[in-house]
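Shown next, in structure tokens, is the structure this report addresses.
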Amino acid sequence: MKKALFFRKLDKNKVQCNLCPHECILDEGKLGICGVRRNVQGILVNETYERISAIHFDPIEKKPLYHFYPGSIILSVGGIGCNLSCSFCQNCDISQASVETFAWFRHYSVEDIVNMAIDKNDNIGVSFTYNEPTIHYEYMLEIAKAAKTRGMKTTMISNGYINPEPLKRLLRYTDAFNIDLKAFRNDFYKKHAKATLEPVLVTLKTLKQNNKHFEMTNLVIPGLNDDVAVFREMIQWICDELGEDSILHISRYFPHHKMDIESTPARTLVRMF
């Protein structure tokens with residue numbers, strides 16, 4: 002485990018996490034919504050430091066990052082947990098797990114990850130992906146710092162639900178992002194992800210303001226976020242706030258986790274254009 006970077010003590014045994022907009026208040030021994038950050042004797046700790054669920058060399062396009070060193074491979078690292086609770090989660094086996102329920106961790110030190118990335122021919126760096134990487138902030142930050150000193154690229158595939166201060170610290174060590182923009186209505190976020198939309202929009206604007214390469218992904222779900230008028234409203238916001246050259250990937254939903262709505266028809270995706 003590792004002491005968290007962003008929290009404050011409220012009293013002798015209670016802490017508040019300041020990493021993401023949930024701002025969880027935790028009594029002694031309790032886990033945050035993310036399932037990996039715990040109050041241990043009045044100190045917030047990351048219990049998945051140097052503990053991962055998956056590690057692979059992937060095509061950069063799989064992230065998806067189609068316009069960042071296309072044709073390259075990148076070492077992809079994931080843990081468990083997420084600070085959103087999406088009923089339609091496409092990777093729920095790890096993202097909706099917690100340290101209390103997941104039994105298949107593998108241990109990789111920061112040095113292990115960096116050395117593995119360097120040793121692979123034609124690998125451009127390290128990508129933090131598979132589950133929500135920001136909840137493993139301390140581990141991710143240390144890997145990113147070490148990778149940058151060795152001349153490698155770093156990328157983060159995220160839901161964008163992070164507070165501004167920790168995000169800005171990451172920007173120094175992260176080259177590219179893909180952010181899930183799950184919908185353009187706050188009630189969708191509240192009902193289906195147990196979160197809110199505005200912090201994600203703030204994250205996107207922060208990336209733009211800091212001249213970072215970023216791409217976005219929108220998973221289209223029938224009857225929930227496939228209204229063409231709302232979609233066009235989202236596109237207009239992207240053009241106005243992020244620029245007409247912004248990159249948006251539209252993805253097809255398949256039934257998974259707690260949602261059994263039928264798969265998105267291909268014609269729906271075509272209609273979005």
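First residue of the sequence shown? That's 2 in our numbering, and the numbers climb one at a time after it. Ideal Cβ placement from N, Cα and C applies to all residues, glycine included.
Proximity to A184 across K192, A177, F178 peaks at K192, based on C-alpha coordinates.
Here DSSP, grouped into helix, strand and coil, assigns M2 to coil.
With contacts defined by Cβ atoms closer than 8 Å, A147 and V100 do not form a contacting pair. Counting the other CB atoms within 10 Å of its CB gives L198 a total of 16 or more, which places it among the buried residues. Straight through space, the alpha carbons of K3 and Y109 are spaced by roughly 14 Å.
The beta carbon of I251 is closer than 7 Å to those of N219, V221, L270, M273 in its chain, skipping five residues each way along the sequence.
Excluding sequence positions up to five before and after N14, its CB lies within less than 8 Å of the CB of D28, E29, N40, Q42, G43, all in the same chain and listed in chain order. Nearest in C-alpha terms to R52, of all of I262, I81, A145, is I81.
In the DSSP assignment, D181 falls within the unbroken beta strand (DSSP E) covering 177-181. Taking 8 Å as the cut-off, the beta carbon of I136 is found closer than this to the beta carbon of V37. By the Cβ neighbour-count rule, P256 is exposed, with fewer than 16 other Cβ atoms within 10 Å of its own.
For secondary structure counted as the beta strand (DSSP E) over 3 or more consecutive residues, the stretch 185-259 holds these complete runs in sequence order: 214-221, 248-253.
Rounded to whole angstroms, the gap between the alpha carbons of H68 and I248 is 8 Å. Note that the stretch 124-134 touches the stretch 75-93; at least 3 beta-carbon pairs, one per stretch, sit closer than 8 Å.
Taking every protein chain shown into account, the CB of A230 has fewer than 16 other CB atoms within 10 angstroms, so this residue is exposed. Contact between A55 and Y131 holds: CB atoms are separated by about 5 Å, below the 8 Å threshold.
Close CB contacts of Y140 within its chain, under the 8 Å cut and outside five residues either way in sequence, are with K3, N47, T49, Y50, E51, G80, V111 (chain order). Taking the Cα positions, R107 is about 12 Å away from D113.
The beta-carbon separation of V201 and N160, rounded to 7 Å, stays under the 8 Å limit for a contact. In this chain, K10 is not harboured by any alpha helix (DSSP H); it is covered by the beta strand (DSSP E) spanning 8-10.
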